[in-house]
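As they're listed, the protein sequences go chains P and B. Take the first sequence: its letters are residues 453 to 695, numbered as in the numbering used here. Take the second sequence: its letters are residues 4 to 309, numbered as in the numbering used here. Even glycine gets a Cβ: it sits at the ideal position worked out from N, Cα and C.
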Amino acid sequence: MSEAAISFRQVRAPLAGSASHLQLDLQIAAGQFVALVGPSRSGKSLAIEMAAGLVLPQSGKVMVLGQDWSAVEGADDGPVRLRVGTVLQQPGLLSNMTLFNNVLLPLRYHRGAMPDREREQAVMDQLERLGMASLRDRFPAELNQGEIRRGAIARSLMLEPEVLLLDDPVAGLDADMVLVLKQYVGARRQLRPLTVVAALRSFSPFIEGADRLVVLQEGRVVADGSLESVGSTVPSSLRHYVG
Amino acid sequence: MLRPSADPCRTLVALQVMLPYNFTVTQGAEAVAGSLLLLSGGGGAHLMIEWVGRKTIAGYAYLAALATLFVQAVLDLLSPGRQGRRETLRVLTRQILFTGVDALPVTSVIALLLGIIIVTQAGTQLPRLGAGGLVGSIIVITVIREIGPLITAFIVVGRSGTAIATELGNMSVTREVVALRLMGIPISQFVVMPRMVGMVLSMLCLTFYFDVVAVFGGYLVADAQLTIPFSAFVESVTRALSTTDLLMTAIKGFGFGSAVAAVCCYHGLAVRSSYTEVPQQTTRAMINSFVLCLLVDVVVTVPLYL
Numbered sequence: 453m454s455e456a457a458i459s460f461r462q463v464r465a466p467l468a469g470s471a472s473h474l475q476l477d478l479q480i481a482a483g484q485f486v487a488l489v490g491p492s493r494s495g496k497s498l499a500i501e502m503a504a505g506l507v508l509p510q511s512g513k514v515m516v517l518g519q520d521w522s523a524v525e526g527a528d529d530g531p532v533r534l535r536v537g538t539v540l541q542q543p544g545l546l547s548n549m550t551l552f553n554n555v556l557l558p559l560r561y562h563r564g565a566m567p568d569r570e571r572e573q574a575v576m577d578q579l580e581r582l583g584m585a586s587l588r589d590r591f592p593a594e595l596n597q598g599e600i601r602r603g604a605i606a607r608s609l610m611l612e613p614e615v616l617l618l619d620d621p622v623a624g625l626d627a628d629m630v631l632v633l634k635q636y637v638g639a640r641r642q643l644r645p646l647t648v649v650a651a652l653r654s655f656s657p658f659i660e661g662a663d664r665l666v667v668l669q670e671g672r673v674v675a676d677g678s679l680e681s682v683g684s685t686v687p688s689s690l691r692h693y694v695g
Numbered sequence: 004m005l006r007p008s009a010d011p012c013r014t015l016v017a018l019q020v021m022l023p024y025n026f027t028v029t030q031g032a033e034a035v036a037g038s039l040l041l042l043s044g045g046g047g048a049h050l051m052i053e054w055v056g057r058k059t060i061a062g063y064a065y066l067a068a069l070a071t072l073f074v075q076a077v078l079d080l081l082s083p084g085r086q087g088r089r090e091t092l093r094v095l096t097r098q099i100l101f102t103g104v105d106a107l108p109v110t111s112v113i114a115l116l117l118g119i120i121i122v123t124q125a126g127t128q129l130p131r132l133g134a135g136g137l138v139g140s141i142i143v144i145t146v147i148r149e150i151g152p153l154i155t156a157f158i159v160v161g162r163s164g165t166a167i168a169t170e171l172g173n174m175s176v177t178r179e180v181v182a183l184r185l186m187g188i189p190i191s192q193f194v195v196m197p198r199m200v201g202m203v204l205s206m207l208c209l210t211f212y213f214d215v216v217a218v219f220g221g222y223l224v225a226d227a228q229l230t231i232p233f234s235a236f237v238e239s240v241t242r243a244l245s246t247t248d249l250l251m252t253a254i255k256g257f258g259f260g261s262a263v264a265a266v267c268c269y270h271g272l273a274v275r276s277s278y279t280e281v282p283q284q285t286t287r288a289m290i291n292s293f294v295l296c297l298l299v300d301v302v303v304t305v306p307l308y309l
């Protein structure tokens, strides 16, 4: 197995709205697609936020691409930030920009030397793959939840990150779009190594693309393995989360 | 270092702008209030002392947070990152257009009317006191030194300050601020600095523009009602006007612009998790901007007369 792209080492952090704590000791190899599955308030989103460096654990260490987020000082997260693409539950498309400009923003900001035409073509390619080319001039307020989420995922991949963190990526997506998204992420992984961690609160065909499922309940890992193997180890009360 | 405190929203807000949350206002206030309680020996005075202590420290912490925002914006302006200069410039241009250029019509109307009112009052009252020749001085003292910069600041607060607080508040609720951070775009550089610079530049220009239009309004009255010829009016104003007056106007424009931008950005980014906080923070931003502008005015003006 290659070196871990993301590692949660003896991590402990309080779960909001619950008396329990998230306790995680998890290594995610580079290029692996891991689905964090479980009911609400089980710690999936917190794990994603910790991997994104937004929340630091009470104890333990979260390392992403060799970066210990707790060692980061000040507002500048350093170069690792650009190697990690993140889409949270609230995707945060900028409301004063069109979908096209939202997806273009990371390139405009971080790839200033790239020719305009090249940048715009790159954005249109992504929008076309996600079936959103016709929506390019719409503002976020004119898009539905699923379209906003797909737009945010496209935006998070514009800088060709090595790690992709997705919190509830299929929320608001119809069945066809879930398949489109699954194919899109799969195609990106084939193109270049991409470690994907996706938090999902219900079973979805998107999970079928994962190499590994980690089932969480009340902040603890209750099952960990491939889709086939995890079915036999997961508690019966959570079996419907894994198919 | 920020930790996942009992209030994760506070952690997020602190992440957004690196406000000095390392020092918590409540803890500090409690420490001071506790010491005072020991000295006072108990009774109803405890609560009063505790309240005063809490409020005083909260006030200092607030001013420290505003100063931090301002200093960070200055640092970002002086040493902009290698990335995103064009995008930041785009935000700055939009801010100047909105705060400065779009405010010209309303500023013109208010300045013109104010100039008319002041010269009408001065022109009808001063001759009774045998001081009819002081119309120019009145215009300089009241409009250029005092009312011009203040009214301009109030116009900017009402138009742009509240807009900034509302925009940033909504951005915080919809987690656009966090999304920017996740894209590696520094909030202080991309959001705060261009708004602050845009507001300071706009405020400076609008203040001088206001003064010119108000003086022109005064001339209209002087010409039509008081039959003071243009040359005499101009001579009266220029005789009363000194370099110090222009310098004071510039200092005030800079001070008001900085204060209003810092206050409005702070309150916008202080919104945590609910849309109902947005109007609350906007109102606070507006009131605190007014108070801070008057405070800056006193700090700048009073030493001149001492």
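Legend entry - Rounded separation between B/F26 and P/V524 - CA only: Caution applies to B/F26, whose pLDDT of 35 falls short of 50 and renders its modelled position unreliable; the value that the coordinates give is listed next. Cα-Cα distance, rounded: 19 Å.
Inset, instruction - For B/F257, I'd like the list of residues in its chain whose CB is within less than 8 Å of its CB, leaving aside the five on either flank, ordered along the chain. - result: V203, M206, L207
Legend entry - Nearest-angstrom beta carbon gap, P/I605 and P/P592 [assumed within contact, 8 Å]: About 14 Å; that fails the 8 Å criterion.
Legend entry - Every unbroken beta strand (DSSP E) within the region 650-690 of chain P, with a cutoff of 3 residues, ordered by chain: 664-669, 672-677
Legend entry - B/Q228 (DSSP reduced to helix, strand or coil): coil
Legend entry - Length of the line joining the Cα atoms of B/Q98 and B/P197: 7 Å
Inset, instruction - Enumerate in chain order the residues of its own chain whose CB-to-CB distance from P/A675 is below 8 Å, with the five nearest sequence positions on each side excluded. - result: L665, V666, V667, V682, T685, V686, P687, L690, V694
Legend entry - Host beta strand (DSSP E) of B/D79 (start-end): Careful: B/D79 lies outside any beta strand (DSSP E), inside the alpha helix (DSSP H) at 48-81.
Legend entry - Coarse secondary structure for B/S140, derived from DSSP in three states: helix
Inset, instruction - Pull up the distance between the alpha-carbon of B/A273 and that of B/I120, whole angstroms please. - result: 40 Å
Inset, instruction - Taking 8 Å as the cut-off, decide whether the C-beta atoms of B/G136 and B/G271 are in contact. - result: no
Legend entry - Stretch-stretch touch, CB-based, cutoff 8 Å, three pairs: the region 527-542 of chain P with the region 180-198 of chain B: yes
Inset, instruction - Check whether the Cβ atoms of P/A482 and P/T647 lie closer than 8 Å to each other. - result: yes
Inset, instruction - Using alpha carbons as the reference points, say which of B/T252, B/I158, B/T230 lies closest to B/T102. - result: B/I158
Legend entry - For B/I188, the three-state DSSP class (helix, strand or coil): coil
Legend entry - Cβ of P/T538 within 8 Å of any chain B Cβ: yes
Inset, instruction - Measure from the C-beta of P/R560 to each C-beta in chain B and report whether the shortest distance is under 8 Å. - result: yes
Inset, instruction - Specify the secondary structure class of P/S511 as computed by DSSP and reduced to three states. - result: strand
Legend entry - Inter-residue CB distance, P/V630 and P/P657 (contact presumed, cutoff 8 Å): 6 Å
Legend entry - Proximity below 8 Å, CB of B/A265 to CB of B/F73: yes
Inset, instruction - Have a look at the DSSP bridge pairing and note the partners of P/T647. - result: P/V615
Inset, instruction - Ignore the nearest five residues each way along the sequence and tell me which others in P/G530's own chain have a CB closer than 8 Å to its CB. - result: Q519, V524
Inset, instruction - For chain P, find out if any of its Cβ atoms is closer than 8 Å to the Cβ of B/G187; answer yes or no. - result: yes
Legend entry - Residues, ordered as in the chain, of the region 80-96 of chain B that lie near chain P by beta-carbon distance below 9 Å: G84, R85, Q86, G87, R88, R89, E90, T91, R93
Inset, instruction - Under 9 Å between beta-carbons, which chain P residues line up against B/R178? List them in chain order, please. - result: L540, Q541, Q542, P543, G544
Inset, instruction - Could you name the residues of the same chain whose beta carbon sits closer than 8 Å to that of P/E634, not counting the 5 residues immediately before and after it, in chain order? - result: Correcting the residue identity first, residue 634 of chain P is Lys in this sequence and not Glu. Here the set comprises P657, F658, E660, G661.
Legend entry - Pairwise C-alpha distance: P/Q462 and P/L476: 6 Å
Legend entry - Three-state secondary structure (DSSP) of P/V536: strand
Inset, instruction - Determine, using beta carbons only, whether B/V181 comes closer than 8 Å to chain P. - result: yes
Inset, instruction - Would you mind telling me which residues of chain B sit closer than 7 Å to P/R533, beta carbon to beta carbon, in chain order? - result: G187
Inset, instruction - Report the rounded CA-to-CA distance for B/L307 versus B/L298, giving the unit in angstroms. - result: 15 Å
Legend entry - Any C-beta of chain B under 8 Å from that of P/L668: no
Legend entry - Environment of B/K58 [buried if 16+ CB atoms lie within 10 Å]: exposed
Inset, instruction - Pull up the CB-CB distance for P/I480 and P/V649, whole angstroms please, since I reckon it's below 8 Å. - result: 6 Å
Legend entry - First and last residue of the uninterrupted alpha helix (DSSP H) at B/F193: B/F193 -> no alpha helix (DSSP H), and no H or E assigned at all.
Inset, instruction - With DSSP as the reference, label B/L309 as helix, strand or coil. - result: coil
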